[in-house]
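Trainee: Chains R and L supply the protein sequences, listed in that same order. With UniProt numbering applied, the first sequence corresponds to residues 1 to 198, in that order. With UniProt numbering applied, the second sequence corresponds to residues 1 to 198, in that order. For each residue, glycine too, the CB sits at the ideal point set by N, CA and C. Note that the coordinates shown come from a computational prediction; the quantities given were computed from them, not determined experimentally. Submitted below is the structure of interest, expressed as structure tokens.
There are 2 protein chains.
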Amino acid sequence: MATETRERIVEAADLLFYQHGFEATSFADIARTVGISRGNFYHHFKTKDDILDGVINRRLANTEQMLDRWEIAGSDPAERIRSFIHILIVNGEKIRKFGCPVGTLSSELAKLNHAAKSDAAALFTLFRSWLRRQFERLGFGDKSDELAMHILGRSQGVATLANAFDDDRFLRHEVELMCDWLDVQIADLTNSNHPTGE
Amino acid sequence: MATETRERIVEAADLLFYQHGFEATSFADIARTVGISRGNFYHHFKTKDDILDGVINRRLANTEQMLDRWEIAGSDPAERIRSFIHILIVNGEKIRKFGCPVGTLSSELAKLNHAAKSDAAALFTLFRSWLRRQFERLGFGDKSDELAMHILGRSQGVATLANAFDDDRFLRHEVELMCDWLDVQIADLTNSNHPTGE
DNA sequence: GACGAACTAGGACGATTGTCCTATTTTCAG
DNA sequence: CTGAAAATAGGACAATCGTCCTAGTTCGTC
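Put into structure tokens, the structure is as follows:
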């Protein structure tokens, strides 16, 4: 079936782009991985940028799906944020090898001056909006976006260094710190809501 | 003179690697920028990896020099750490366009499985050790390395997101937060040294 | 069962890649 | 001034890049 082959191509490209980068992954590499000819390849994707579009859309869909699942599973917004923070540990091995899929793609496309850079940034926006929504539900109001960006930035930095030093201990320690930070934020919020004590 | 041309090559390669990445920068690109022939080029650098080595060594030397200058200029270790944090603002424009030179190179080489990955990580180590030394002087003892890594990670994350969103406000806000964090760390330290109060 | 569309294979294309070679020019010590 | 070494230019090299084309094959629909 057509869609099946197309799906296999995007899936293979997704993995290769993550592991070796967009620029370093060739048309031939993907075709070889999928086990199809380059000619067949071109029937599904006219240009390399088309594949990139496909990969980004796939990641957008997958991410959205994951965030939706969290939205249902965890009843507590704080617990959902902790779910986000813990991706660093869940995907720890991959991150130590290849970095964060979102951050590294965004950085590469920025350097390549690639038109799809904003599409890659949309992946970040997905997380950002989701996190902001959780903070809003916790009652942080206008500060929610700032807090979302803060968490997002922290996890990006942790991914970068865990990758550079291949350091699992650091990664886990920073995850703890981020959870501690979250607890403090929530505690400060409840204090400021009841300034005179109970 | 020989060394002069060599220096110009490394300088141009340094900039191009930063702005467009190592993989995306070709031999011809560098030669064109410097204004020399590819043949002349090969006389100075046998392979592309040799240029990468040259660029990394140049960055190592420049970084070391910058850190040494800070070590002399600022008498207070805390002030020196603030100098480090403020690179984000000083180089803000470049960072928003191309990300952090250290982090993006490290990420790219990790994906390329390049032998020089550890050399690029040495750039991180330079900052890490310097920061650890400052924390040690402030009296943080065994915690110094953890704090150094924390600061390093935070700035990496800020650079990644400032680049992805081209957001100067976020960058400046996070720099403030990092400085606040530093103040809290120092305050906590002095409190724990005088647990019963003055 | 026939026929058009979708799918697949494999090769050709010009351009560019990193690398290497051979001339020519420049530099500088004896 | 001379001759060896260093520096430079420019092209050749095979390999690979993204792209495109032309054949076959398979499929679904009348």
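At least one CB of chain L closer than 9 Å to the CB of R/L131: is that the case?
Mentor: Position 131 of the first sequence holds residue 131 of chain R. So no, R/L131 is outside the interface.
Trainee: Using a Cβ cut-off of 9 Å, which residues of the segment 139 to 167 of chain R contact any Cβ in chain L, in chain order?
Mentor: E146, M149, H150, L152, G153, R154, S155, Q156, G157, V158, A159, T160, L161, A162, N163, A164, F165, D166, D167
Trainee: DSSP three-state call for L/C100: helix, strand or coil?
Mentor: Along the second sequence, one-based indexing puts residue 100 of chain L at 100. Correct three-state label for L/C100: coil.
Trainee: Measuring straight from C-alpha to C-alpha, what distance separates residue 218 of chain R and R/A120?
Mentor: The displayed coordinates of chain R run from 1 to 198. Any statement about residue 218 of chain R would go beyond what the structure contains.
Trainee: Could you have a look at L/T47 and say whether DSSP puts it in helix, strand or coil?
Mentor: In the second sequence, the residue the question calls residue 47 of chain L occupies position 47. Coil, per DSSP.
Trainee: Using the rule of at least 16 other Cβ atoms within 10 Å of the residue's Cβ for burial, across every protein chain shown, is R/T190 buried or exposed?
Mentor: On the first sequence, residue 190 of chain R is found 190 positions in, with the first residue counted as 1. Exposed is the call here.
Trainee: Is R/N57 close to chain L? Criterion is C-beta to C-beta, closer than 9 Å.
Mentor: By one-based count along the first sequence, residue 57 of chain R stands at place 57. With 9 Å as the cut-off, R/N57 does not count as an interface residue toward chain L.
Trainee: Leaving aside the five residues before and after L/R132 along the sequence, list all residues of the same chain whose C-beta is less than 6 Å from its C-beta, in chain order.
Mentor: The residue labelled residue 132 of chain L in the question sits at position 132 within the second sequence. If we look at L/R132 and ignore the five residues flanking it on each side, its Cβ neighbours are S144, D145, A148.
Trainee: Give the interface partners of L/L52 over in chain R, defined as CB-CB distance under 9 Å, in chain order.
Mentor: Residue mapping note: residue 52 of chain L aligns to position 52 of the second sequence, counting from 1. Those do not exist, as L/L52 stays about 14 Å from chain R at its closest Cβ, beyond 9 Å.
Trainee: What does R/L112 reach in chain L if we use C-beta pairs closer than 8 Å?
Mentor: Taking the first sequence and counting its residues from 1, the one referred to as residue 112 of chain R is at position 112. Neighbours of R/L112 on chain L, chain order: H20, G21, A24.
Trainee: Which word fits R/S75, buried or exposed, when buried means at least 16 other C-beta atoms lie within 10 angstroms of its C-beta?
Mentor: Locating residue 75 of chain R in the first sequence gives position 75, counting from the first residue. Burial call: exposed.
Trainee: Do we get a CB-CB distance below 9 Å when we pair R/E93 with the residues of chain L?
Mentor: For the purposes of this step, residue 93 of chain R is identified with residue 93 of the first sequence, where counting begins at 1. False, the Cβ-Cβ gap to chain L never drops below 9 Å.
Trainee: Report the rounded CA-to-CA distance for L/I36 versus L/A115, giving the unit in angstroms.
Mentor: As a working mapping, residue 36 of chain L is identified with position 36 in the second sequence. As a working mapping, residue 115 of chain L is identified with position 115 in the second sequence. Taking the straight line from one Cα to the other gives about 28 Å.
Trainee: Taking 9 Å as the threshold (beta carbon to beta carbon), is L/G35 in contact with chain R?
Mentor: Residue mapping note: residue 35 of chain L aligns to position 35 of the second sequence, counting from 1. No, no contact with chain R.
Trainee: Kindly list the residues whose CB is nearer than 8 Å to the CB of residue 210 of chain R, restricted to its own chain and excluding five residues on each side of it in sequence; keep chain order.
Mentor: No information on residue 210 of chain R is available, as it lies outside the stretch 1 to 198 that chain R covers here.
Trainee: If you check the beta carbons only, do L/Q156 and L/G92 fall under 9 Å apart?
Mentor: As a first step, residue 156 of chain L is located in the second sequence; it is residue number 156 there, counting from the start. As a first step, residue 92 of chain L is located in the second sequence; it is residue number 92 there, counting from the start. No, they are not a contact pair.
Trainee: Return helix, strand or coil for R/G139, following the three-state DSSP convention.
Mentor: Residue numbering aside, residue 139 of chain R sits at position 139 when the first sequence is read from its first letter. Note: R/G139 maps to coil in three-state DSSP.
Trainee: Between L/V10, L/W130, L/L161, which lies nearest to L/N57 when the distance is taken from Cα to Cα?
Mentor: Mapped onto the second sequence, residue 57 of chain L falls at position 57. Taking only the C-alpha atoms, the option nearest L/N57 is L/V10.
Trainee: Candidates L/M178, L/A73, L/L105, L/E4: which alpha carbon is nearest L/E23's?
Mentor: Locating residue 23 of chain L in the second sequence gives position 23, where the first residue counts as 1. Scanning L/M178, L/A73, L/L105, L/E4 for the CA closest to the CA of L/E23 turns up L/L105.
Trainee: Please tell me whether L/G99 and L/T160 are closer than 9 Å, where the distance is taken between their beta carbons.
Mentor: On the second sequence, position 99 is the one that residue 99 of chain L refers to. On the second sequence, position 160 is the one that residue 160 of chain L refers to. Closer than 9 Å, so yes.
Trainee: Less than 9 Å between CB atoms is the rule here; does R/H86 satisfy it with respect to chain L?
Mentor: As a working mapping, residue 86 of chain R is identified with position 86 in the first sequence. Chain L, which has no Cβ nearer than 9 Å to the Cβ of R/H86, makes this no.
Trainee: Indicate whether R/V55 and R/D29 have their beta-carbon atoms separated by less than 9 Å.
Mentor: As a position in the first sequence, residue 55 of chain R is number 55, starting the count at 1. As a position in the first sequence, residue 29 of chain R is number 29, starting the count at 1. Cβ distance not < 9 Å, so R/V55 and R/D29 don't count as in contact.
Trainee: With DSSP run on the structure shown, which of helix, strand or coil describes L/N113?
Mentor: In the second sequence, the residue the question calls residue 113 of chain L occupies position 113. When DSSP states are grouped into helix, strand and coil, L/N113 belongs to the coil group.
Trainee: Could you list the residues in the segment 100 to 129 of chain L with a C-beta less than 7 Å from some C-beta on chain R, going in chain order?
Mentor: Result list: G103, T104, S106, S107, E108, A110, K111, L112, A121, F124.
Trainee: In its own chain, which residues sit with a C-beta less than 6 Å from the C-beta of L/L138, not counting the 5 before and 5 after it?
Mentor: In the second sequence, the residue the question calls residue 138 of chain L occupies position 138. Residues of the same chain with a CB within less than 6 Å of the CB of L/L138, apart from the 5 flanking positions on each side, are P77 in chain order.
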